[in-house]
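Residue numbers (my numbering): 1412 to 1896.
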């Protein structure tokens, strides 16, 4: 319907309510309920969207054969709503039901099956089950390769999705490979100022950002923003996303004034064009809270987290994964304020949600276990600290490349606890593991290498092996001196 396409949701809703009053048969009612579900989904009112879609489904199940394509559409759209709500298990259930109908009723290489496999892949990606996500994205991609020319924009989207999974897995070289494939197609098939090209450059920027290559990341973010500034209105939400990305980059570089400048540019656009309870607006407040947390302005951080949390309270179900993120970050603030009981309270709230919503090996669970371990270490409860650090480490070893920087940090944390309890042989083992990773991925003058040499020197000193201690302390000092030239 035209009113929906142009965003006239209130008028469309009035019309549908009138049509519903006058609907004479179930088939008409089923269609109207379906359209009202579509409307509410576009408004971000996911609970009402699910209610209307399910009313439509109940009617369609009565009047249509069990393998009818319209039933598959209903199941799929209910799945999409639950995915938007963060209820991934329900989303998967409805997507699977839809997919079963499509596999029975359509030829194996039908484009609708490609869409179905892609939707299931998206849910697995959101759940952190990256191997399953890749499996379904690959099934979708194979159909697209058979049915589309090699430079079709849908193939670019498919490569982009696969790149996103590898990015989430921390496999940045593979992510970059697929993002490059996507970008090359878009550069050939789209005009130079097309928004999808801006997205491609932004995604590549994110990879370099994650790899710590901030200058290259900045270059790609700038290419993205130049396209968006030329092709979009000054208050377009995608421009807000670009400013947000640059703010995030400056935050990682500890340039907090610049980070706040770009986060506020993003926030100003979102305040103008989005509803007061929009998800992206909540994210803006959350990101600004993150900067204040990093600046050690904890009262400001909690103030912005609270604004973000209040928006989530109005728009998201209580077990939505984004609550877990904000509870985690509030926990971090209380941990930095040395309020261990409050920190554990919020970490526990976060953990309960993440354990239900995510796969057991999701990186966010690893991060949370690490945070809880840190609190117990600060409380000098070394056995509890080791328990949670080890839980975190097991996930990281399963899901990350063996030379990932997070593994080095994890090994250091475990080494610190062993050092504190006087278990010097285990401390050495984990400090050496950390050092080997850092030597592979960091420049020889990096301060993290100096810290590793110092850690090892401290252990050897405590063991009474002073010649070894001196050797490592000297390496640490040389690294710092080289850095300060």
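Backbone N, C-alpha and C define an ideal beta-carbon position, used for all residues, glycine too.
Quantities reported herein were computed from a predicted structural model and do not represent experimental measurements.
Residue from the options with nearest C-alpha to residue i
{"i": "residue 1617", "options": "1859, 1548, 1499, 1656", "result": "1656"}
{"i": "residue 1521", "options": "1507, 1500, 1559", "result": "1559"}
{"i": "residue 1512", "options": "1488, 1489, 1538, 1482", "result": "1482"}
{"i": "residue 1738", "options": "1835, 1709, 1713, 1757", "result": "1757"}
{"i": "residue 1697", "options": "1840, 1714, 1666", "result": "1714"}
{"i": "residue 1760", "options": "1695, 1747, 1731", "result": "1731"}
{"i": "residue 1820", "options": "1723, 1507, 1848, 1750", "result": "1848"}
{"i": "residue 1801", "options": "1841, 1496, 1812", "result": "1841"}
{"i": "residue 1669", "options": "1663, 1658, 1677", "result": "1658"}
{"i": "residue 1663", "options": "1626, 1681, 1694, 1649", "result": "1626"}
{"i": "residue 1457", "options": "1443, 1479, 1495, 1444", "result": "1495"}
{"i": "residue 1695", "options": "1631, 1827, 1717, 1709", "result": "1717"}
{"i": "residue 1721", "options": "1876, 1624, 1768, 1692", "result": "1692"}
{"i": "residue 1782", "options": "1813, 1770, 1745, 1768", "result": "1745"}
{"i": "residue 1832", "options": "1870, 1859, 1861, 1863", "result": "1870"}
{"i": "residue 1890", "options": "1882, 1874, 1860", "result": "1860"}
{"i": "residue 1828", "options": "1845, 1811, 1797, 1492", "result": "1797"}
{"i": "residue 1838", "options": "1593, 1678, 1532, 1874", "result": "1874"}
{"i": "residue 1825", "options": "1684, 1785, 1631", "result": "1785"}
{"i": "residue 1815", "options": "1468, 1679, 1582", "result": "1582"}
{"i": "residue 1904", "options": "1570, 1475, 1523", "result": "A query on residue 1904 cannot be resolved here, the shown segment of the chain reaching from 1412 to 1896 and no further."}
{"i": "residue 1671", "options": "1688, 1683, 1701", "result": "1701"}
{"i": "residue 1525", "options": "1554, 1683, 1614", "result": "1554"}
{"i": "residue 1491", "options": "1845, 1505, 1480", "result": "1505"}
{"i": "residue 1532", "options": "1478, 1502, 1563, 1557", "result": "1502"}
{"i": "residue 1529", "options": "1634, 1455, 1514, 1550", "result": "1550"}
{"i": "residue 1844", "options": "1863, 1552, 1853, 1830", "result": "1863"}
{"i": "residue 1897", "options": "1710, 1699, 1704", "result": "The structure shown does not extend to residue 1897, since the chain is modelled only from 1412 to 1896, so the question has no answer here."}
{"i": "residue 1634", "options": "1612, 1852, 1464", "result": "1612"}
{"i": "residue 1773", "options": "1464, 1518, 1537, 1484", "result": "1537"}
{"i": "residue 1474", "options": "1811, 1439, 1599, 1598", "result": "1439"}
{"i": "residue 1811", "options": "1500, 1464, 1523, 1585", "result": "1585"}
Residue interval of the alpha helix (DSSP H) (run including residue i)
{"i": "residue 1859", "result": "1858 to 1874"}
{"i": "residue 1399", "result": "Here the chain covers residues 1412 to 1896 and nothing more, so residue 1399 does not appear."}
{"i": "residue 1510", "result": "1499 to 1516"}
{"i": "residue 1772", "result": "Residue 1772 -> no alpha helix (DSSP H), and no H or E assigned at all."}
{"i": "residue 1837", "result": "1835 to 1852"}
{"i": "residue 1737", "result": "1732 to 1747"}
{"i": "residue 1810", "result": "1793 to 1810"}
{"i": "residue 1575", "result": "1564 to 1580"}
{"i": "residue 1648", "result": "1648 to 1663"}
{"i": "residue 1705", "result": "1690 to 1705"}
{"i": "residue 1522", "result": "1522 to 1538"}
{"i": "residue 1485", "result": "1480 to 1495"}
{"i": "residue 1755", "result": "1751 to 1768"}
{"i": "residue 1591", "result": "1583 to 1600"}
{"i": "residue 1630", "result": "1625 to 1642"}
{"i": "residue 1826", "result": "1816 to 1831"}
{"i": "residue 1686", "result": "No alpha helix (DSSP H) contains residue 1686, which DSSP labels as neither H nor E."}
{"i": "residue 1720", "result": "1709 to 1726"}
{"i": "residue 1557", "result": "1541 to 1558"}
Supposed contact pair residue j and residue i - C-beta distance, whole angstroms, cut 8 Å
{"i": "residue 1460", "j": "residue 1466", "result": "Not a contact, Cβ separation roughly 11 Å."}
{"i": "residue 1629", "j": "residue 1660", "result": "6 Å"}
{"i": "residue 1572", "j": "residue 1590", "result": "At roughly 10 Å, the Cβ-Cβ gap does not stay under 8 Å, so residue 1572 and residue 1590 are not in contact."}
{"i": "residue 1706", "j": "residue 1667", "result": "5 Å"}
{"i": "residue 1488", "j": "residue 1448", "result": "7 Å"}
{"i": "residue 1486", "j": "residue 1509", "result": "4 Å"}
{"i": "residue 1677", "j": "residue 1651", "result": "4 Å"}
{"i": "residue 1564", "j": "residue 1596", "result": "7 Å"}
{"i": "residue 1884", "j": "residue 1865", "result": "7 Å"}
{"i": "residue 1817", "j": "residue 1846", "result": "Incorrect: roughly 15 Å between the Cβ atoms, too far for contact."}
{"i": "residue 1515", "j": "residue 1478", "result": "5 Å"}
{"i": "residue 1880", "j": "residue 1887", "result": "At roughly 11 Å, the Cβ-Cβ gap does not stay under 8 Å, so residue 1880 and residue 1887 are not in contact."}
Below 8 Å, can you find three or more Cβ-Cβ pairs linking the region 1726 to 1742 to the region 1772 to 1788? yes
Within the chosen definition, does the region 1804 to 1822 reach the region 1785 to 1792 through at least 3 CB pairs nearer than 8 Å? no
Cβ pair count under 8 Å reaching 3, the region 1597 to 1610 against the region 1639 to 1650: These segments touch.
Three or more beta-carbon pairs under 8 Å between the region 1530 to 1545 and the region 1567 to 1577, yes or no? yes
Do the region 1762 to 1772 and the region 1720 to 1728 meet, that is, are 3 or more Cβ pairs less than 8 Å apart? no
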